[in-house]
Amino acid sequence: MVADNRRCIVDVRDVKMVYNVKNRDASTHVHALRGLSLQVYENEFFAIMGPSGSGKSTLFNMIGALQTPTAGEVLIEGVNLASLKPQQLAAVRCFELGYIFQTYNLLPVMSALMNVALPTVFAGMSTQEGEERALECLEIVGLRDRAHHLPSELSGGQQQRVAIARAFVNKPRIILADEPTGNLDSRTGQEIINYMKNLQQGSGTTIITVTHDDKMLTAADRMAWIRDGQLERIANREDIEIRMGSIKEHH
Ligand SMILES: Nc1ncnc2c1ncn2[C@@H]1O[C@H](COP(=O)(O)OP(=O)(O)O)[C@@H](O)[C@H]1O
Ligand SMILES: [Mg+2]
């Protein structure tokens with residue numbers, strides 16, 4: 049509805065992904081995505097829900113330009129990823145996209161500040177500018193005072209906040225998150241969702257998250273459900289009523 053008037057920022061067109069799994073004497077094909085299409089609009093908070101094994105991480109990798117689909121196309125801001133040379137793809141990953149993972153994926157020997165500043169090095173920023181930018185991002189997630197701590201000196205929720213700051217440091221148009229609350233208790237998970245929501249509203253960033261955490265529905269503008277590598281349905285936030293953790297749909 050409203051979203052349809054906005055600019056499409058991610059366009060997934062009939063994407064299929066088949067993994068070839070080779071055993072000792074046979075090879076099998078796993079159809080992780082079976083022809084999936086969806087559009088995400090600028091500045092949306094878009095949640096892709098689905099049970100374990102439904103193809104969420106595969107879809108995350110396709111949208112994130114981390115993996116090439118077997119068939120179909122992914123367009124980011126109107127640009128077909130398949131048309132890009134490796135260096136151009138690297139630039140998309142560096143400037144257009146920010147990534148958040150379930151296990152935070154921070155470098156253990158680097159401080160929070162250095163972890164957040166790392167993408168600015170790839171972006172060609174000076175050390176001083178990069179560190180200033182990293183401090184600003186740590187401030188946004190309420191961790192400026194933890195800048196010089198190692199990941200091992202931070203709680204899971206704090207580490208994920210560092211990962212949010214890192215995803216945002218190059219000011220990408222799109223932040224992608226794969227099960228960002230998967231390793232966190234319910235309350236800490238809700239905090240992380242709130243930080244992601246604030247980022248979306250405060251900066252105009254588009255947030256796309258794949259998850260099986262129903263709490264994400266509290267923040268999402270639209271949500272898609274996938275099952276067995278196919279789109280089951282898409283709903284707008286107005287269509288969904290969330291009450292006491294149980295989800296009831298209007299008809
Ligand atoms: N690298 C891989 N090689 C072979 N099969 C894979 C690979 N990655 C995922 N799969 C399979 O593809 C399907 C979808 O997996 P995945 O995208 O990880 O789902 P989800 O993130 O929803 O749990 C599953 O059947 C999984 O076993
Ligand atoms: Mg997964």
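Each residue of the sequence shown is one higher than the one before, counting from 49 in this note's numbering. Beta carbons: idealized from backbone N, C-alpha and C, even for Gly. Please read all numbers here as calculations on a predicted model, not as lab measurements.
Query raised in the report: To which residues of the same chain is D68 closer than 7 angstroms at the C-beta, ignoring the five residues directly before and after it?
Result: Looking up residue 68 in the sequence shown gives position 20. According to the sequence displayed, residue 68 carries Asn and not Asp. Answer for N68: S75, H77, listed in chain order.
Query raised in the report: What residues in its chain sit with their C-beta under 7 angstroms from that of H299, if we drop five residues either side in the sequence?
Result: By 1-based counting over the sequence shown, the position of residue 299 is 251. For H299, the predicted structure reports a pLDDT of 49, less than 50, and the residue's modelled location is therefore unreliable. The matter cannot be settled from this model.
Report task. Verify whether the separation of the beta carbon atoms of Y207 and L154 is less than 7 angstroms. Result -> Residue numbering aside, residue 207 sits at position 159 when the sequence shown is read from its first letter. Residue numbering aside, residue 154 sits at position 106 when the sequence shown is read from its first letter. It is Gln, not Tyr, that sits at residue 207 in the sequence shown. Result yes, Cβ atoms of Q207 and L154 sit closer than 7 angstroms.
**Report entry** Pairwise C-alpha distance: I274 and I282
**Finding:** For this step, residue 282 is matched to residue 234 along the sequence shown. For this step, residue 274 is matched to residue 226 along the sequence shown. Distance between the alpha carbons of I282 and I274 is about 9 angstroms.
**Report entry** The beta strand (DSSP E) enclosing N68, as first and last residue numbers
**Finding:** Numbered from 1 along the sequence shown, position 20 holds the residue referred to as residue 68. From DSSP, the beta strand (DSSP E) with N68 extends over 56-70.
Query raised in the report: Exposed or buried, A268, counting other C-beta atoms within 10 Å across all chains shown (16 or more means buried)?
Result: Locating residue 268 in the sequence shown gives position 220, where the first residue counts as 1. With 16 or more Cβ atoms within 10 Å of its Cβ, A268 is classed as buried.
Requested in this report: Examine ligand 2 and report whether any of its heavy atoms sits within less than 6 angstroms of the Cβ of S105.
Outcome: For the purposes of this step, residue 105 is taken as residue 57 along the sequence shown, with counting starting at 1. Yes, the Cβ of S105 comes within 6 angstroms of a heavy atom of ligand 2.
Query raised in the report: CB-CB under 6 angstroms to R285, same chain, minus the five flanking residues each way: which ones, in chain order?
Result: Taking the first residue of the sequence shown as 1, we reach residue 285 at position 237. So the qualifying residues of the chain are D269.
Requested in this report: With hydrogens ignored, establish whether the beta-carbon of S102 is closer than 6 angstroms to any heavy atom of ligand 1.
Outcome: Here residue 102 is taken as the residue at index 54 of the sequence shown, counted from 1. Because some heavy atom of ligand 1 lies under 6 angstroms away, the Cβ of S102 counts as near it: yes.
Query raised in the report: Heavy atom of ligand 1 less than 6 angstroms from the Cβ of Y67, yes or no?
Result: Residue 67 sits at position 19 when you count from the first residue of the sequence shown. The answer is yes for Y67.
Query raised in the report: Is the beta carbon of V122 within less than 6 angstroms of some heavy atom of ligand 1?
Result: For the purposes of this step, residue 122 is taken as residue 74 along the sequence shown, with counting starting at 1. Outside the cutoff, so no.
**Report entry** Closest residue to A138 among F216, V157, L114 (Cα-Cα distance)
**Finding:** Along the sequence shown, one-based indexing puts residue 138 at 90. Per the Cα distances, L114.
**Report entry** Pairwise C-alpha distance: D226 and L310
**Finding:** An answer regarding residue 310 cannot be provided, because it is not within the stretch 49 to 299 covered by the chain.
Query raised in the report: Taking C-alpha atoms, which residue in Q278, V189, M173 lies nearest to I240?
Result: Here residue 240 refers to the residue found at position 192 when the sequence shown is read from its first residue. Answer by Cα proximity: V189.
Report task. With V78 as the anchor, note down where its beta strand (DSSP E) starts and where it stops. Result -> Reading the sequence shown from its first residue, position 30 is the one you call residue 78. Run containing V78: 75-89, per the beta strand (DSSP E) assignment.
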